[in-house]
Structure formats: C-alpha cells, structure tokens
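Novice: This is the structure, below, for whatever I ask next.
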C-alpha cells in the first residue's frame, strides 16, 4: 500500500444497551440478528467528532501504524470514555 499514508473515515460504535450490560462489539453484535447486542449496536461512519478530536485520532493511528506495522495496511481500534476529552501522550 506504500506512501503516502492513507486513512479512511473514523467509525464509532454506538451502544443503546441496558444499564449494566458491557459495551462490547461482540460476534453477536455483528451477525446474530436475534441477539439483543445486534439490535442495540449501531456503527456511525463517519463518527461525530470535532475536527480537533478527529485530527488527534488520525495522528495517533498513524503513529501506532508507523511504530507497530510500518508497511502494508492495518486497522487501528481505539476505545475512549465519552465522559472525558480524548487525550494522549506526545
């Protein structure tokens, strides 16, 4: 896939699960239509993010790719607590 690095849209997994249910993107969330996780999990793409947060995530993903993979292609998954502004170490 070579330079320059190309990034795709950021997607967000949105949950509407009952209180106490873990917010996990399980096999059932993706494929089992009868499962409560399937009905309560939606993918928002592109994610609703501020330009600053989107840029920060893109920068972090690029740094992770360069540091861990370096060539070809990869998918970088991140988890963030929506109650706290996204931050990372430079």
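Numbering (our numbering), first residue to last: 222 to 311.
Where a beta carbon is used, it is the ideal one built from N, C-alpha and C, also for glycine.
1) By DSSP's criteria, residue 233 is part of a beta bridge. Which residues make up the other side?
2) Closest by CA to residue 278, which one among 247, 263, 299, 261?
3) Quick one: what's got a C-beta closer than 6 Å to residue 235's C-beta in the same chain, skipping five residues either side?
4) Rounded to the nearest angstrom, how far is the Cβ of residue 232 from that of residue 268, given a contact under 8 Å?
5) Out of 293, 245, 230, which has the shortest C-alpha to C-alpha gap to residue 275?
Specialist: On the basis of the data shown:
1) 265
2) 299
3) 263, 265
4) 6 Å
5) 230
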